[in-house]
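Those protein sequence lines, which keep their order, are chains A and B.
Position 16 of the first sequence, counted from 1, bears residue number 16 in the working numbering, the numbering being contiguous throughout.
Position 275 of the second sequence, counted from 1, bears residue number 698 in the working numbering, the numbering being contiguous throughout.
From the three backbone atoms N, C-alpha and C, an ideal C-beta is built for every residue, glycine too.
Every value quoted in this text rests on a predicted model; they were computed, and no experiment measured them.
There are 2 protein chains.
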Amino acid sequence: MTTASICTIGDEILIGQIVDTNSSHLARALGEAGVRTDRMVSIADREEDILTTLEAELRTHDIVLTTGGLGPTKDDITKPALAKLFGSPEMVKNEAQEAMVRTILHSRGLDILESNLMQAMVPAGCEVIPNRFGTAPIMVFRFPESRFGHPATLYAMPGVPHETLGMLPEVIDDIRTHNALAPIAHRNLMVYGLAESALAALIAPWEDALPADMHLAYLPNTLTGVKLRLSVYGSAETSPESRISAQIEALKKILGPRIYAEQEDRLEAVIGRLLREREETLSAAESCTGGEIAHLLTTIPGASDYFLGSVTSYAVSVKEKVLGVPAATIREKGVVSADVAEAMARGARQLTGSTWAVATTGLAGSEGDGVNEGGTVWIAVDGPAGTVSEKRVYHNDRERNIERFSASALDLLRRCILGTIHA
Amino acid sequence: MTTASICTIGDEILIGQIVDTNSSHLARALGEAGVRTDRMVSIADREEDILTTLEAELRTHDIVLTTGGLGPTKDDITKPALAKLFGSPEMVKNEAQEAMVRTILHSRGLDILESNLMQAMVPAGCEVIPNRFGTAPIMVFRFPESRFGHPATLYAMPGVPHETLGMLPEVIDDIRTHNALAPIAHRNLMVYGLAESALAALIAPWEDALPADMHLAYLPNTLTGVKLRLSVYGSAETSPESRISAQIEALKKILGPRIYAEQEDRLEAVIGRLLREREETLSAAESCTGGEIAHLLTTIPGASDYFLGSVTSYAVSVKEKVLGVPAATIREKGVVSADVAEAMARGARQLTGSTWAVATTGLAGSEGDGVNEGGTVWIAVDGPAGTVSEKRVYHNDRERNIERFSASALDLLRRCILGTIHA
Chain A
1 MTTASICTIG DEILIGQIVD TNSSHLARAL GEAGVRTDRM VSIADREEDI
51 LTTLEAELRT HDIVLTTGGL GPTKDDITKP ALAKLFGSPE MVKNEAQEAM
101 VRTILHSRGL DILESNLMQA MVPAGCEVIP NRFGTAPIMV FRFPESRFGH
151 PATLYAMPGV PHETLGMLPE VIDDIRTHNA LAPIAHRNLM VYGLAESALA
201 ALIAPWEDAL PADMHLAYLP NTLTGVKLRL SVYGSAETSP ESRISAQIEA
251 LKKILGPRIY AEQEDRLEAV IGRLLREREE TLSAAESCTG GEIAHLLTTI
301 PGASDYFLGS VTSYAVSVKE KVLGVPAATI REKGVVSADV AEAMARGARQ
351 LTGSTWAVAT TGLAGSEGDG VNEGGTVWIA VDGPAGTVSE KRVYHNDRER
401 NIERFSASAL DLLRRCILGT IHA
Chain B
424 MTTASICTIG DEILIGQIVD TNSSHLARAL GEAGVRTDRM VSIADREEDI
474 LTTLEAELRT HDIVLTTGGL GPTKDDITKP ALAKLFGSPE MVKNEAQEAM
524 VRTILHSRGL DILESNLMQA MVPAGCEVIP NRFGTAPIMV FRFPESRFGH
574 PATLYAMPGV PHETLGMLPE VIDDIRTHNA LAPIAHRNLM VYGLAESALA
624 ALIAPWEDAL PADMHLAYLP NTLTGVKLRL SVYGSAETSP ESRISAQIEA
674 LKKILGPRIY AEQEDRLEAV IGRLLREREE TLSAAESCTG GEIAHLLTTI
724 PGASDYFLGS VTSYAVSVKE KVLGVPAATI REKGVVSADV AEAMARGARQ
774 LTGSTWAVAT TGLAGSEGDG VNEGGTVWIA VDGPAGTVSE KRVYHNDRER
824 NIERFSASAL DLLRRCILGT IHA
């Protein structure tokens, strides 16, 4: 299998000033092309580190992709280091990139400085893919087998994300042209309502029987539950797609309605699709989740087609006055109770005229209220067939509890809309 | 100088499924403690890669921090690899972590499985920092000088971000205890309402005159504005504190009320303190921000002391019926207008009886409505002295625009409460 290492060059990543998002995009594109990334490295703008690291990565990988370190400012020393590594100290002008530099600066209304034109100078013998998005070209260094014991190629790309990602397809094309790549297939299942360990126990017999070339990963997340990812590395002769589909179908039989999506997705997106299909609408009444449910729902483009609005009723007076929760219910049952959650849901539905309403009332912090412990929430859904409520208790910090409360409420809503739970 | 390498372990990063954000946080915390991170590496869940990489990193660094690979499921093989690396195949039970596992699972109402208890088994001879946020302990491996030519320490941390970040202070404390770190002083100023480039131009004369051992970093963030961090690397003899204070005072004179906090802080926390001091209350009416403002306000513990509630009025009918925005205003001025934003703020204040109300109405997506371009928002604040509104236009994606809209509204509210802006 063709392997790659992705190296980012630049102090700003190592001091934690910026998060490297390029490598993730590069790895995904490489994987889809059939190249396995088995290392990512971030190093500083220091010649010694650059030389040592790139030598080591080229020795152990077919392809090395670097990003960053190619800007016109003083702290960028990558290009001279690459020239040294390639054994080609002579710098030559690349006409295609020089023309690109002039076009780009002209279009931005900028003067062309000497430092800009220097960007078109590259080590003799390297190939150039002109950069359509910036002044630093992509340099391709093809090392002969004699150098590292196998043919190795280094692609030096700029680090500015829109330049890196903009030029990525051309780099992938070049990799495809020069390597015989085997396909890789991935499939995801999104599962809500089972902890990672419980999920693992439930599917152990299936997982234990997986063929050796298939690999299952568990990716847990407070807001989206657990994402299960099944990967298979194909050979040139057989397509992995049908084999992976058979395994996924078997897994779906085991997990049933716990699965809420088959691609990478969020509960609020799934709910949006369900409501749009059914031409139904939604509102929310939030106490302890404080607007997070409304926020999640409205991050989905087009949410205004089905989401009418919500009331965050932090104060008791707002619960009574705006949502119409009876004062007697609050007095007798307490604010954190099934009755109040249900009355809030009914109140939001009545106020907005929506098909469905979801409500939360609970204690997001770690302190209890004398009756309920911290982390307790009552979630309720009111809909055409009546009202449903459930209690949950979580023991995370405040922000994490709010996320869990919100995701639980959205999952209850999803199951109510689907009819797998009834009032 | 004490140096560190940060290693993430897990296929999900190498296939580009998730972006590694932990390493950035770790590097920043290490830097603030006086440790220089000069490498970050991501490797797969493969024993050979783990052993080769950690050996190499320990040989060239004083400290190696790993994250990930410690979950209870089958794809995690880090712990056996660490045992091999440490030359300590025997696994022993760590009582403190086992108690933690039981507490955590019990509090979540989950059954305790064998795989959960296995989390408390660690290689003999390693030290344990019990993980308060999850079931996998932090393992500390102290290698003698004879092993790598210098004393080297490996901290193996879980990879779930809230666990990694939650336990980071204790790891940093341990690093401080076991290393003589040169003092580094940092001071932050939180600035809202100036783009990074405009801010840089404004403070250029001050920045250019900084002594050589002081370094200014710009850390822009959609929700918090720009954090300016001034760092000085002290020697053992002189305290850098007084020198850095003098520079910060000079900078404060230049920036004035653009500075909203002097420590790392969020607008919603600053607003919470202002309201509590004044014994005043707040409500919100949100259209395009869809609950994000209420969510931000209620992430602050004790927000119920001053935040009464909010209405997310996504549908026009909710704006009219719940918030009392006159239908004529919407018809004549349009939903995205100063008049509607102001009427929403007044409506929320009246509905809840709060001292202040903040409102937003705009277009979070990139598409315009024929009158306003995408990314346009009107923000309004209603208070004891009347109503203020301002227009902003941003050109980000939907989620980023929602964040910017919310932060702008909170900053307008902050300035109204402080009286630096008047109705």
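Would you say A/F133 and A/G166 are within 8 Å of each other, going by their C-beta atoms? The residue labelled residue 133 of chain A in the question sits at position 133 within the first sequence. The residue labelled residue 166 of chain A in the question sits at position 166 within the first sequence. For the pair A/F133 and A/G166, the CB atoms are nearer than the 8 Å cut-off.
Roughly how far, in whole angstroms, is the beta-carbon of B/G491 from the beta-carbon of B/G433, given that I think they are within contact range, below 8 Å? Position 68 of the second sequence, counted from the start, is the residue given in the question as residue 491 of chain B. Position 10 of the second sequence, counted from the start, is the residue given in the question as residue 433 of chain B. Right, their Cβ atoms sit about 4 Å apart.
Tell me, please, whether the CB atom of B/A467 is closer than 8 Å to any CB atom in chain A? One-based indexing of the second sequence puts residue 467 of chain B at position 44. Yes, its Cβ sits closer than 8 Å to a Cβ of chain A.
Neighbour flag for B/E822 against chain A, beta carbons, 8 Å: Your numbering for residue 822 of chain B matches position 399 in the second sequence. B/E822 counts as touching chain A.
Can A/Y189 and A/I248 be called in contact, C-beta distance under 8 Å? Mapped onto the first sequence, residue 189 of chain A falls at position 189. Mapped onto the first sequence, residue 248 of chain A falls at position 248. For clarity, residue 189 of chain A is Leu in the given sequence; the question names Tyr instead. For A/L189 and A/I248, yes; Cβs fall inside 8 Å.
Since I believe A/V388 is in contact with A/E373 (beta carbons under 8 Å), could you give me their beta-carbon distance rounded to a whole number of angstroms? On the first sequence, position 373 is the one that residue 373 of chain A refers to. On the first sequence, position 388 is the one that residue 388 of chain A refers to. Incorrect: roughly 23 Å between the Cβ atoms, too far for contact.
Three-way DSSP call (helix, strand, coil) for B/V524 in this model: Mapped onto the second sequence, residue 524 of chain B falls at position 101. Here B/V524 sits in helix by DSSP.
Shortest alpha-carbon distance to A/W356 belongs to which of A/L308, A/I402 and A/H395? Along the first sequence, read from residue 1 onward, the residue named residue 356 of chain A stands at position 356. Selected option, being the one with the closest Cα: A/L308.
Quick one, which of B/L622, B/H601, B/T426 and B/A707 has its alpha-carbon nearest B/E480's? The count along the second sequence starts at 1 and reaches residue 480 of chain B at position 57. That would be B/T426, whose Cα lies nearest to the Cα of B/E480.
Identity of the residues DSSP links to B/Y641 by a beta bridge: On the second sequence, position 218 is the one that residue 641 of chain B refers to. Paired residue(s): B/L651.
Quick one: what's got a C-beta closer than 8 Å to A/L51's C-beta in the same chain, skipping five residues either side? Here the question's residue 51 of chain A lines up with position 51 in the first sequence. A81, K84 and L85, listed in sequence order.
A/V316 versus A/I293 - alpha carbon distance: For the purposes of this step, residue 316 of chain A is identified with residue 316 of the first sequence, where counting begins at 1. For the purposes of this step, residue 293 of chain A is identified with residue 293 of the first sequence, where counting begins at 1. Answer to the nearest angstrom: the Cα atoms are 19 Å apart.
Do you know offhand how far A/G302's Cα is from A/G370's? The residue given as residue 302 of chain A occupies position 302 in the first sequence. The residue given as residue 370 of chain A occupies position 370 in the first sequence. Cα to Cα, the separation comes out at about 42 Å.
Opposing strand residues paired with B/S706 [DSSP bridges]: Against the second sequence, residue 706 of chain B aligns to sequence position 283. B/S706 pairs with B/G732 and B/A780.
CB-CB under 8 Å to B/V524, same chain, minus the five flanking residues each way: which ones, in chain order? Here residue 524 of chain B refers to the residue found at position 101 when the second sequence is read from its first residue. I535, N539, L540, Q542, A543 and T558, listed in sequence order.
B/A876 and B/A764 closer than 8 Å at C-beta: Chain B is shown from 424 up to 846; residue 876 of chain B falls before or after that span and cannot be answered.
Please confirm whether A/A156 and A/T78 have their CB atoms less than 8 Å apart. As a working mapping, residue 156 of chain A is identified with position 156 in the first sequence. As a working mapping, residue 78 of chain A is identified with position 78 in the first sequence. Contact check for A/A156 against A/T78 passes: the beta carbons are separated by less than 8 Å.
Alpha-carbon spacing of B/P553 relative to B/M463, whole angstroms: Stepping through the second sequence from its first residue, residue 553 of chain B is reached at position 130. Stepping through the second sequence from its first residue, residue 463 of chain B is reached at position 40. Approximately 25 Å between the Cα atoms of the pair.
Check the Cβ-Cβ distances between B/L841 and every residue of chain A, and say whether any is below 8 Å. The count along the second sequence starts at 1 and reaches residue 841 of chain B at position 418. So, not an interface residue.
By Cβ distance, which residues of its chain are closer than 7 Å to A/D305, with the 5 residues on each side in sequence left out? Mapped onto the first sequence, residue 305 of chain A falls at position 305. Answer for A/D305: R276, listed in chain order.
With burial defined as no fewer than 16 other Cβ atoms inside 10 Å of the residue's Cβ, what is the status of A/T103: buried or exposed? Here residue 103 of chain A refers to the residue found at position 103 of the first sequence. Result: exposed.
For chain A, find out if any of its Cβ atoms is closer than 8 Å to the Cβ of B/F730; answer yes or no. Position 307 of the second sequence, counted from the first residue, corresponds to residue 730 of chain B. Yes, B/F730 counts as interfacial toward chain A.
Whole angstroms is fine: what's the gap from B/E586's alpha carbon to A/E196's? Position 163 of the second sequence, counted from the start, is the residue given in the question as residue 586 of chain B. Position 196 of the first sequence, counted from the start, is the residue given in the question as residue 196 of chain A. Approximately 15 Å between the Cα atoms of the pair.
What residues in the stretch 381-411 of chain A have a beta carbon less than 8 Å from any beta carbon of chain B? Under the 8 Å Cβ criterion, the stretch 381-411 of chain A contributes V393, Y394, H395, N396, D397, R398, E399, R400 and I402.
Over what stretch of residues does the alpha helix (DSSP H) that includes B/L835 continue unbroken? Taking the first residue of the second sequence as 1, we reach residue 835 of chain B at position 412. Unbroken alpha helix (DSSP H) run through B/L835: R821 to L841.
How close, in whole Å, do the beta carbons of A/V377 and A/G362 come, if the pair is a contact with beta carbons under 8 Å? As a first step, residue 377 of chain A must be located in the first sequence, where it is residue number 377. As a first step, residue 362 of chain A must be located in the first sequence, where it is residue number 362. That belief holds up - the Cβ atoms of A/V377 and A/G362 are roughly 3 Å apart, short of 8 Å.
Measure the CB-CB distance between A/A27 and A/L181 and report whether it falls below 8 Å. The count along the first sequence starts at 1 and reaches residue 27 of chain A at position 27. The count along the first sequence starts at 1 and reaches residue 181 of chain A at position 181. Not in contact: A/A27 and A/L181 (Cβ atoms no closer than 8 Å).
Alpha-carbon spacing of B/A659 relative to B/I607, whole angstroms: For the purposes of this step, residue 659 of chain B is identified with residue 236 of the second sequence, where counting begins at 1. For the purposes of this step, residue 607 of chain B is identified with residue 184 of the second sequence, where counting begins at 1. Below a pLDDT of 50, predicted positions are generally treated as unreliable, and B/A659, at 49, falls in that range; the measurement from the model is reported next regardless. Rounded to the nearest angstrom, the gap between the Cα atoms of B/A659 and B/I607 is 10 Å.
Between A/K74 and the rest of its own chain, which residues show a CB-CB distance below 8 Å, the 5 nearest in sequence each way excluded? Counting from one through the first sequence, the residue named residue 74 of chain A turns up at place 74. At A/K74 the pLDDT is 46, less than 50, meaning the model places this residue with poor confidence and gives no usable figure here.
Selection of the stretch 188-202 of chain A by Cβ proximity to chain B, strictly under 8 Å: Answer in chain order: A195, E196, S197, A198, A200 and A201.
For B/A575, which of B/D834, B/V649, B/L488 and B/A787 has the nearest alpha-carbon? Counted from its first residue, the second sequence places residue 575 of chain B at position 152. Of the residues B/D834, B/V649, B/L488 and B/A787, the one whose Cα lies closest to the Cα of B/A575 is B/L488.
Length of the line joining the Cα atoms of A/G324 and A/G291: Mapped onto the first sequence, residue 324 of chain A falls at position 324. Mapped onto the first sequence, residue 291 of chain A falls at position 291. So the alpha carbons of these two residues sit roughly 19 Å apart.
Going by Cα to Cα distance, which pick from B/L835, B/L437 and B/R837 is closest to A/H25? Position 25 of the first sequence, counting from 1, holds the residue named residue 25 of chain A. Residue B/L437 holds the alpha-carbon nearest to the alpha-carbon of A/H25 among B/L835, B/L437 and B/R837.
C-alpha distance - A/I425 paired with A/M344, whole-angstrom precision: Since the first residue shown for chain A is 1 and the last is 423, residue 425 of chain A is missing from the structure and cannot be characterised.
Going straight from the alpha carbon of B/A673 to that of B/A623, what length do you get? Within the second sequence, the letter at position 250 stands for residue 673 of chain B. Within the second sequence, the letter at position 200 stands for residue 623 of chain B. Roughly 15 Å between the two C-alpha positions.
Assuming A/E279 contacts A/T312 under a Cβ cut-off of 8 Å, what Cβ separation, rounded to an integer in Å, is found between them? Here the question's residue 279 of chain A lines up with position 279 in the first sequence. Here the question's residue 312 of chain A lines up with position 312 in the first sequence. In fact, because the Cβ distance is near 27 Å, the residues do not count as touching under 8 Å.
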